[in-house]
Amino acid sequence: TSSSLPTKIHQPTRNAERGKARVIITALRATNLWGDTTTATDAYVKVFFGKLVGRAPVILNNDNPVWKMPLDLGTLVLSDISKLKFEVWDEDNTWNDDLLGKCERDLTAGINSGMCNLNNGDIHHFFHMARLMVKYSACFLQLLYIY
4 TSSSLPTKIH QPTRNAERGK ARVIITALRA TNLWGDTTTA TDAYVKVFFG KLVGRAPVIL
64 NNDNPVWKMP LDLGTLVLSD ISKLKFEVWD EDNTWNDDLL GKCERDLTAG INSGMCNLNN
124 GDIHHFFHMA RLMVKYSACF LQLLYIY
């Protein structure tokens with residue numbers, strides 16, 4: 004009986020992936036917004052992940068809007084950022100929108116949810132952060148047994 008193991012485990016082929024994470028906002032919901040005195044809020048949300056910015060579309064005339072679409076914020080090095088920042092806005096026109104409030108949340112791996120109290124309402128957020136694993140070559144470890 005003989006066995007053969009590689010003398011060396013192959014090193015990662017893409018060291019650039021080390022320490023990176025990808026963040027996807029899976030749902031956003033705001034409650035009790037107040038932005039306009041005569042009509043309901045025309046709300047949208049901006050989400051900041053380092054230098055990356057995602058924006059949910061405007062939901063017209065709704066003080067309790069729900070955004071159910073995924074918002075992929077992309078991939079960044081974790082050492083550069085440790086928080087997600089949320090801003091809720093009331094759209095009036097392109098130059099006169101009102102900031103209803105903002106908050107920051109720590110990034111942790113896995114599925115996250117929480118709520119922030121704003122100046123004019125609340126925002127409930129659900130997001131997924133996945134750490135990217137270092138990619139190894141296809142021959143990471145070979146075991147060969149010959150009987």
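Under the numbering used here, think of the first position of the sequence shown as 4, with each following residue one higher. The beta-carbon is built from N, C-alpha and C at its ideal position, and this holds for glycine as well.
Nearest in C-alpha terms to R134, of all of A33, L36, K86, T111, is T111. Partner residues in the beta bridge of V69, as assigned by DSSP, are R32. The beta carbons of C106 and I126 sit closer together than 9 Å. The secondary-structure analysis by DSSP pairs D95 with nothing; it has no beta-bridge partner. Per the Cβ contact rule, the segment 21 to 40 is in contact with the segment 57 to 74 (3 or more Cβ pairs under 8 Å). Residue environment analysis places T41 among the exposed positions, since fewer than 16 neighbouring C-beta atoms fall within 10 angstroms of its C-beta.
Each of K54, L102, G22 was checked against the Cα of G38, and the nearest Cα belongs to L102. Apart from sequence neighbours up to five positions away, the residues of its chain that approach A24 with a beta-carbon distance below 6 Å are L81, M132, R134, ordered along the chain.
When the beta-carbon positions are compared, D95 and N64 stay at least 9 Å from each other. Residue pairing by DSSP places S116 opposite F129 in a beta bridge.
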